[in-house]
Each structure stands twice: as C-alpha cells, then as structure tokens.
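According to my numbering, the stretch in the sequence shown is residues 217 to 383, in order. The beta-carbon is built from N, C-alpha and C at its ideal position, and this holds for glycine as well.
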Amino acid sequence: MLFLRKVTNRDIDILFHWANEPSARMNAFHSHQISYEEHREWFQRMINSSDQLQYILMCDTVAVGQIRLSVNGNEAEISYGISEPYRKNGYGKAAIRLIKREVKNEFPYISKLIAKVKPSNIASIYCFEENQFEEKYQQYEYSMERYEPDSGHGKDKEEDKISDGGG
C-alpha cells in the first residue's frame, strides 16, 4: 500500500542520502553535491517552516521517496524524488497523485500546484503529464561568465552599437 507520511526529525539522514544520489543531483537545478552541514541547515529551516510541507512516500513499511510542497499564498511548488533502487516502478506518478489528494483534503486554500522540471528529466515530465499538469512555458538562461565578444553565433557586430540618442 502506498501512502504519504509527514517528515519527522528522524528523516534527516535518509533525505540527505537521497538528495546526494547521482541521478538526483543530475536532475536538480543546482547539481553540486550537498554537504551534511548545508543539508542540516536546510532541514531545520524546512521542518520549522509553515510554508514547507515535506512527506515521505511509503510502500508498506519501506520509504521509497519524498515529495515537498513550497507554499506561496494560494500556490505550491512541488519537488519530489524517488530513491534510485525504486525508480521506474510508477512511484513518481503515485507520489504526485497522493500529494494532489493531500492538498485537496488538507489545504483547500491552495488552488494551483506548480512543478519546475529540467527538459532533460523525461521521467519527471512524464509523471507530471500523467497527472494532468500542463506545460506553460520554457525558460532560457545565459551565464554571463561564458560571455566572449566575437564568439560566433550571436556575435557582436560593428553595427550592433547602443546609442544614447544624443546628437
């Protein structure tokens, strides 16, 4: 039987382990390894926050993943992860389905759920689409640390000048 249980202080280590699994780091927006100190500080903020709702996905007596809601007014952003040994078994879809039910029953003031997913994370995209989430937009970013004048595509040109409009 699948169900969600609220995170307790006892879950700090399993969440740390899951957060640093290689595929979790690869699919995260910030892909660096997380130190235990960083995790501990985050965990304390999260567990004491009224705007963070964190759950463990249980399959009978086995913890297989986690799902979190970050609440902002009447919206909540979903973040979830399934532990590597339990992936490709439908647990992601189930976690999202269960959190939708939890929100409907326990948090009626939340009217919209949001998920941000890397385009390369095909499994998560599938899980959200299977739960009737709709893609609304794509975001593109450019790191100015990579900027090089005359670097090819989008290259600076002599006629590409910014004028102050004076004369």
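Measure the alpha-carbon distance for residue i versus residue j and round it to whole angstroms.
{"i": "V319", "j": "K309", "result": "16 Å"}
{"i": "E253", "j": "C275", "result": "29 Å"}
{"i": "K328", "j": "P365", "result": "43 Å"}
{"i": "P324", "j": "F219", "result": "20 Å"}
{"i": "F349", "j": "I326", "result": "15 Å"}
{"i": "F259", "j": "N288", "result": "19 Å"}
{"i": "L231", "j": "K334", "result": "21 Å"}
Figure out for me which residue from the options has the closest Cα to the Cα of residue i.
{"i": "N337", "options": "S295, E361 and D229", "result": "S295"}
{"i": "I312", "options": "Q355, H233, N288 and I341", "result": "I341"}
{"i": "Q282", "options": "R226, R221 and K332", "result": "R221"}
{"i": "L273", "options": "L314, E361, Y325 and H248", "result": "L314"}
{"i": "R284", "options": "V278, N290, I263 and D276", "result": "I263"}
{"i": "E257", "options": "I228, S266 and S247", "result": "I228"}
Look up residue i in the DSSP assignment and give the residues it is bridged to.
{"i": "L314", "result": "According to DSSP, L314 bridges with nothing at all."}
{"i": "E350", "result": "E350 is not bridged to any residue."}
If you drop the 5 nearest sequence neighbours on each side, which residues of the same chain put their C-beta closer than 8 Å to that of residue i?
{"i": "R303", "result": "S239 and A339"}
Output needed for residue i: all residues of its chain with C-beta closer than 7 Å, excluding positions within five of it in sequence on either side, in chain order.
{"i": "E300", "result": "E237 and S239"}
{"i": "Q268", "result": "M262, R284 and S286"}
{"i": "A235", "result": "I250 and H255"}
Leaving out five residues before and five after residue i in sequence, what residues of the same chain have Cβ atoms less than 6 Å from its Cβ?
{"i": "F344", "result": "A331"}
For the beta strand (DSSP E) that residue i lies in, which residues bound it at each end?
{"i": "F259", "result": "That residue, F259, is in no beta strand (DSSP E); its alpha helix (DSSP H) goes Y252 to I263."}
{"i": "M274", "result": "Q268 to C275"}
{"i": "T328", "result": "Checking the displayed sequence, the identity of residue 328 turns out to be Lys instead of Thr. First-last of the beta strand (DSSP E) with K328: K328 to A331."}
How far does the alpha helix (DSSP H) with residue i in it extend, from its first residue to its last?
{"i": "F232", "result": "I228 to A235"}
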